[in-house]
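2 protein chains.
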Amino acid sequence: MTVIAPPQGLTIAEASERTGLTTHTLRYYERDGLMLRGVGRTSSGHRVYTERDLTWVRMLTRLRATGMPIREVKAYAALCRQGDGNETERLALLQNHRARVLSQLAEVTEHLGAIDNKIGIYQSALERAET
Amino acid sequence: MTVIAPPQGLTIAEASERTGLTTHTLRYYERDGLMLRGVGRTSSGHRVYTERDLTWVRMLTRLRATGMPIREVKAYAALCRQGDGNETERLALLQNHRARVLSQLAEVTEHLGAIDNKIGIYQSALERAET
DNA sequence: GCTTGACTTCGAGTGCGCTCGAAGCGTCAG
DNA sequence: CTGACGCTTCGAGCGCACTCGAAGTCAAGC
Chain H
27 MTVIAPPQGL
37 TIAEASERTG
47 LTTHTLRYYE
57 RDGLMLRGVG
67 RTSSGHRVYT
77 ERDLTWVRML
87 TRLRATGMPI
97 REVKAYAALC
107 RQGDGNETER
117 LALLQNHRAR
127 VLSQLAEVTE
137 HLGAIDNKIG
147 IYQSALERAE
157 T
Chain W
27 MTVIAPPQGL
37 TIAEASERTG
47 LTTHTLRYYE
57 RDGLMLRGVG
67 RTSSGHRVYT
77 ERDLTWVRML
87 TRLRATGMPI
97 REVKAYAALC
107 RQGDGNETER
117 LALLQNHRAR
127 VLSQLAEVTE
137 HLGAIDNKIG
147 IYQSALERAE
157 T
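Protein sequences appear in the order of chains H and W.
Take the first sequence: its letters are residues 27 to 157, numbered as in the numbering used here.
Take the second sequence: its letters are residues 27 to 157, numbered as in the numbering used here.
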């Protein structure tokens, strides 16, 4: 019967829809300690997602989408959870990640260039064949 | 006792060194049908890698490094193995892959931008803190 | 008051791509 | 002749990130 999300809160189904993650994955992330804090519950135990939760999930999604392993996201979440005073560590973690992503982008781009060459070879072979 | 590579051939250890793949991985690729043709053997059954084999392994590495799944590499290998006449399919496969890689690059780049913003925020927060 | 269905927890299962270990053999230095 | 080494095959195991299924609960509509 459609759980009514309490004022300002979203059900897990709504959170799923807005983040593009499945409800399974959202629960898994919470279980695994990737959320900033445990997600709130209604009196009946249903999850209530706030906008802050969604904002965090979106950040988390960016980290994951750029290849940060779960365990490192977890470490970052732990730092944020701890509160003020460790900004230097958080910054270092993100900069580290940034460097890795950049070098991976460069690598992929280089490989792509070689693949493009191959594509070019097939294309001109086919052109020659059809004349 | 150091297997003497036959004229123009390389042992799996040498192939490993030149490709950066472990001998385990090289054997696994062959087992799994990713090689163009089975790698040659000496009379005693040891693998003999030719330059052509290495060239193929390097292509294969590029495909893998850009995220092509093993099963698709296998499909591409099968097309090449089949010989002339399916260049259109090979081209389509590569172009398809190229498109996926490009959109993935774009996505990662976009996420990276957001992460960069976060980094900027931490940096200016830290600067403000130390004055 | 009963059915419905979206939620809950828990733990097991899946797919991918390696990665590793065990057991055996062939060749050569000593 | 012996021992060591580097290969061989085969099959099992692993790490990651989900993904799924089962069994139960709870609130609302009929």
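Built from N, CA and C at the ideal position, the CB exists for glycine as well.
The beta-carbon separation of K144(W) and L119(H), rounded to 11 Å, does not stay under the 8 Å limit for a contact. An exposed status is given to G64(H), since fewer than 16 other beta-carbon atoms sit within 10 Å of its beta-carbon.
Following the DSSP letters along the chain, one finds D58(H) in no alpha helix (DSSP H), marked with neither H nor E.
Contact between the region 121 to 134 of chain H and the region 133 to 151 of chain W is present, with at least three C-beta pairs closer than 8 Å. Assignment of G35(W) by DSSP, reduced to helix, strand and coil, places it in the coil class. When DSSP states are grouped into helix, strand and coil, G146(H) belongs to the helix group. For the region 130 to 143 of chain W, the beta-carbon criterion of a distance under 9 Å to any beta-carbon of chain H is satisfied by Q130, L131, E133, V134, T135, E136, H137, L138, A140, I141, D142. Taking a cut-off of 8 Å on C-beta distances, the region 92 to 105 of chain W does not touch the region 145 to 155 of chain H, as fewer than three cross pairs fall below it. E113, T114, R116, L117, L120, Q121, H123, R124, V127, L128, Q130, L131, E133, V134: these are the residues of the region 104 to 134 of chain W whose beta carbon lies less than 9 Å from some beta carbon of chain H, given in chain order. Take G93(W), set aside five residues on each side of it, and the residues of its chain with a beta-carbon closer than 8 Å to its own are R126, V127, Q130, in chain order. DSSP places E98(H) inside the alpha helix (DSSP H), whose first and last residues are 96 to 108. With distances taken between CA atoms, T45(H) lies nearest to M85(H) out of R107(H), R116(H), C106(H), M85(H). Its chain contains R73, V74 as the residues whose beta carbon lies nearer than 7 Å to that of R67(W), once the 5 sequence neighbours on both sides are disregarded; these appear in chain order.
Taking a beta-carbon distance threshold of 8 Å, Y148(W) counts as an interface residue toward chain H. Y148(H) places its beta carbon less than 8 Å from that of R116(W). Bounds of the alpha helix (DSSP H) holding R90(H) are 77 to 91.
Per the C-alpha coordinates, the member of E40(W), D110(W), G35(W) positioned closest to T76(W) is G35(W). Interface residue (Cβ-Cβ distance to chain W less than 8 Å): I96(H) is not classified as such. Around the CB of T37(H), 16 or more other CB atoms lie within 10 Å, so the residue is classed as buried. CA-to-CA, the gap between R90(W) and R107(W) works out to about 18 Å. With a threshold of 8 Å between beta carbons, T92(H) makes contact with chain W. Looking at M61(H), T114(H), V134(H), S70(H), the one whose alpha-carbon comes closest to that of I96(H) is M61(H). Of the residues assessed, A41(H) falls on the buried side of the cut-off, its CB having 16 or more other CB atoms within 10 angstroms.
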